[in-house]
Each structure stands twice: as C-alpha cells, then as structure tokens.
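Below is one structure, written out as structure tokens; the observations come after it.
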Amino acid sequence: MSDDVMDEEWLLSVEQVRSLLEWIRGHAGADRSVYPFMLTAAEHALRPGEARALRVRDVMLPEGDEGQMTARHRGVAREIPLQPRFVEFLRHWIDEAGLREGDLLFPGRRGGPLSASVYQQVWEQAQEAVLPRDERYSWRLGEPISILRESCLVEWLRMGISSFAVAELAGVTPDWLALRYPYCFRREDADIDWDRLAKAKAMALPKLKR
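Note that this note's numbering has the sequence shown beginning at 169, numbered continuously upward.
Next up, the structure:
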C-alpha cells in the first residue's frame, strides 16, 4: 500500500460497504468464493493478496466462541481475532463449499487461487449498481477492492481504537497510519472494544440456515 495521504473523499462509508457486499452476495453467480472473500477482506482490513492466499488451516473456528485467522504479508504472519458470528459464517462456508484443511479458503472454480479478474469484475458491477450518481461516482468506479481495507482502517481509527492496535491488526506501523490517514490518526493507547466495533460495522453477514 502507498504511504501517500488517502483522500477522505475516496473512502466508502460503512453503509456503502454493507450495500456493496449485499449486492455481491446476490450476484456473484457461479463464483461462490467472491462474496466470502470480499466480506473477509472488508471486515478484517486484509490486503486482497492476503485474503486470496488464506487456507482453511489458517483459521481456528471453535464453535460458539472467538476464533483466529493467520494472515501473511511478505513472509510475515500476524494473528487476527475473529468474532463468534464471523466464526459461524466461515464454518458454514467451509462446510458448504466442501473445503478441507489444506484447501484455499476462497478457491476459484477449479480449486486454484480466486482470479483477480473475476472478483474485480464483480466488484466493478457492484459499484455501478450501488454507488450514488453524485460528483464522486466517476472517480469511484475505478477504485480497486483495496478501498475496502482502507475504509475499514479509517473506520477503526475514527472509532478511537488505538493506532497501535490497528497497526498490529493491519500489518503496518503506527507511523504509516499517521502518514496515510492524518485526519483520524490517534496516538492514545487503548484496548480494542470488540463489541462496539462489531455493532458499529454491522456488516451484511447472511443469516445462516440451521
């Protein structure tokens, strides 16, 4: 990711991200991995390459409890906590897709990595269908899906979550965050209030059939 300042006008609101994901959930067609891939990246501020590389063995999903995901960037691994509702979502996805421990968590149609051209096409279609036709519309149509990570990081910072905690979750440094998002950088140290975070983001996790 660039360390240039990210213009606030390019960021997506929580409501826009939710609407985009809802559209993707209903229009991904045969590419079933696209929605869970996008949702995981958006919820946990993952780089697209990190999400594509995840394997089933990289997630710990205890039933009814918090879980953990191991993401890797340039050979460096980091642990990301998963809320119980997301654990349930991933358990359901893995079971529905018939995935095994060594499989990619979000495979393409033939079991290999999910094609960037496939998810990018769905993403562009979602933007065209969902985003308002305002003065920023033409800019946003060209945004890659990495804007989901950018928007998530800014949302965490604006909620007052410690920049040190956000940096650890995102695999960056507090200094990088300060340079990238100077309008919301917070220096104070604080524990992550996961209940508040989950309530504020309230992403469009589908209701699972029992």
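Glycine included, each C-beta is placed from N, C-alpha and C at the ideal position.
TODO: Label Leu316 either buried or exposed according to how many other C-beta atoms from any shown protein chain fall within 10 Å of its C-beta, with 16 as the threshold for buried.
DONE: When all chains shown are included, Leu316 counts as buried.
Task: Inter-residue spacing [alpha-carbon to alpha-carbon] between Trp178 and Glu292 - done: 15 Å
Task: Residue from Glu323, Leu189, Pro342, Gln288 with nearest C-alpha to Pro312 - done: Gln288
- [ ] Identify, in the order they occur along the chain, each residue of the same chain with its Cβ nearer than 8 Å to the Cβ of Glu234, setting aside the five sequence neighbours on each side.
- [x] Pro249, Leu250, Gln251, Pro252, Val255
Task: Delimiting residues of the beta strand (DSSP E) encompassing Met237 - done: 235-241
TODO: For the beta strand (DSSP E) containing Leu273, list its first residue and its last residue.
DONE: Premise fails: Leu273 is in no beta strand (DSSP E) and is neither H nor E.
Open item on the list: With a threshold of 6 Å on Cβ separation, who are the neighbours of Glu269 within its own chain once the five nearest residues in sequence on each side are excluded?
Closed with: The residues are Val224, Arg225.
Open item on the list: Less than 8 Å between the beta carbons of Gly328 and Val244, yes or no?
Closed with: no
Task: Opening and closing residue of the alpha helix (DSSP H) in which Ala219 lies - done: 216-221
- [ ] List the endpoints of the continuous beta strand (DSSP E) containing Ile248.
- [x] 244-250
Task: CB-CB length for Cys320 against Ala221, believed under 8 Å - done: With 8 Å as the limit, Cys320 and Ala221 do not qualify as a contact, their Cβ atoms being about 18 Å apart.
- [ ] On the DSSP bridge assignment, give the partners of Met206 in chain order.
- [x] DSSP, once it has assigned bridges, lists no residue as partnering Met206.
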